[in-house]
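There are 2 protein chains.
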Amino acid sequence: MPRIALEHIAQTNNTGYPAPHDAAVAARWVRRLGPAHGLTDFGVSHVVLKPGGASAQRHWHEDEDEFVVMLAGEAVLVEDDGRTLMRAGDMAAFPKGEANGHHLLNESDGDCVFLAFGRPPTGDCHYPDIDLLWTGGGYRRNDRSSF
Amino acid sequence: MPRIALEHIAQTNNTGYPAPHDAAVAARWVRRLGPAHGLTDFGVSHVVLKPGGASAQRHWHEDEDEFVVMLAGEAVLVEDDGRTLMRAGDMAAFPKGEANGHHLLNESDGDCVFLAFGRPPTGDCHYPDIDLLWTGGGYRRNDRSSF
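Quick mapping for you: the protein sequence lines, in order, are chains A and B. In case it helps, UniProt numbering puts the first sequence at residues 1 to 147. In case it helps, UniProt numbering puts the second sequence at residues 1 to 147.
Shown next, in the form of structure tokens:
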């Protein structure tokens, strides 16, 4: 059955971020729709972001296009150009290699829901606000030393 | 600016379908968001489907995963298992190689809006209801003869 039944897909707030960078995403509850439905060309994450939560640490990918569409509630898109309120139906695109760190913050008092599309990155992901670097093989400090 | 401003992206109801198969999608108005925003890993089409329109001829791809999410209005998802009403927030996934022809029909009296994700197919696309085959290089009849 092609229609997606969210209630049958596990939801997790796991993160690979090392402490203390993990706390910001504890309110991010993700369902990975791609593996659940046999999609391999791209990934689709259904995300419920609780009040106060962040979608991620502010970041940009060297080799992964990303796209988000808001389904419900409100979030603030934070990127180099400023802050933009995002509501249901609003969309944003983050092409690979564009050095514009971005994330969504739920500053409202209700849940917000969005879909995030991408492909597993194999190259570096940069976090301009914190001492964190994704190398493809794992998280490191910006000088590439281990946590 | 990552946020997508739809009003700046051209909208078209062009189709490559040969007659008479083109008429069904004349009410499908598409904006291609990927090229407009530098995305190359996957394609994103913003589609406004007018009353009476179809998203496509019913089809399935040998080598292209597809995903749709409804943003507004109502459409009926038609596939081998039957008909499913889709409303804002509803999603469906169509993994490559699954021989289950699918499309969306707008049987309501208002516009419906959805996003469709995929990657350009290089292999065959099958249309179980009509004498049409996409070969990667163009449209043919099911016996691979030209139109």
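We put the beta carbon where it would ideally sit given N, CA and C, even for glycine. A quick note: this is a predicted structure, and the numbers were derived from the prediction, not measured.
- Between the stretch 63 to 79 of chain B and the stretch 96 to 113 of chain B, the count of C-beta pairs closer than 8 angstroms reaches three or more; the two stretches touch.
- Chain A places a beta carbon closer than 7 angstroms to that of residue 94(B), counting this residue as a contact.
- Runs of the beta strand (DSSP E) lying entirely within the stretch 42 to 97 of chain A and spanning at least 3 residues, in chain order: 43 to 49, 66 to 72, 74 to 79, 82 to 87 and 91 to 94.
- With a cut-off of 8 angstroms on Cβ pairs, the stretch 1 to 12 of chain A is in contact with the stretch 20 to 39 of chain A, counting three or more such pairs.
- Taking 7 angstroms as the cut-off, the beta carbon of residue 128(A) is found closer than this to the beta carbon of residue 101(A).
- Around residue 136(A), the same chain offers 122 and 123 as residues with beta carbons nearer than 6 angstroms, after the five sequence neighbours per side are excluded.
- Chain-ordered, the chain A residues with CB closer than 8 angstroms to the CB of residue 100(B) read 2.
- Contacts with chain B at 7 angstroms (Cβ-Cβ) do not include residue 114(A).
- Under the three-state reduction of DSSP, residue 105(A) is assigned to strand.
- The C-alpha of residue 94(B) lies about 16 angstroms from the C-alpha of residue 6(A).
- Under the Cβ criterion (8 angstroms, minimum of three pairs), the stretch 36 to 47 of chain A counts as touching the stretch 53 to 72 of chain B.
- When C-alpha distances from residue 35(B) are compared across 27(B), 120(B) and 126(B), the shortest belongs to 120(B).
- With respect to the 7 angstroms criterion, residue 21(B) and residue 130(B) are classified as neighbours on the basis of their beta carbons.
- Shown in chain order are the members of the stretch 35 to 55 of chain B whose Cβ falls below 7 angstroms from a Cβ of chain A: 37, 38, 39, 40, 41, 42 and 44.
- Here residue 114(A) is near residue 71(A), since their CB atoms are less than 7 angstroms apart.
- If you look at residue 19(A), you'll find it isn't in any beta strand (DSSP E); DSSP assigns it neither H nor E.
- In the three-state scheme derived from DSSP, where H, G and I count as helix and E and B as strand, residue 115(B) is classed as strand.
- For residue 84(A), a Cβ of chain B is located within less than 7 angstroms of the residue's own Cβ.
- Close partners of residue 72(B) in chain A (Cβ separation under 8 angstroms): 89.
- Of 86(A), 27(A) and 38(A), the smallest CA-CA separation from residue 98(B) is found for 38(A).
- Closest by C-alpha distance to residue 24(A), out of 49(A), 2(A), 143(A) and 4(A), is 49(A).
- Around the beta-carbon of residue 85(B), fewer than 16 other beta-carbon atoms lie within 10 Å, marking it exposed.
- For residue 132(A), no alpha helix (DSSP H) segment is defined, and its DSSP state is neither H nor E.
- Within the same chain, 139 come within 7 angstroms of residue 16(A) by CB-CB distance, once the 5 residues on both sides are set aside.
- Nearest C-alpha to residue 133(A) among 57(A), 82(A) and 92(A): 57(A).
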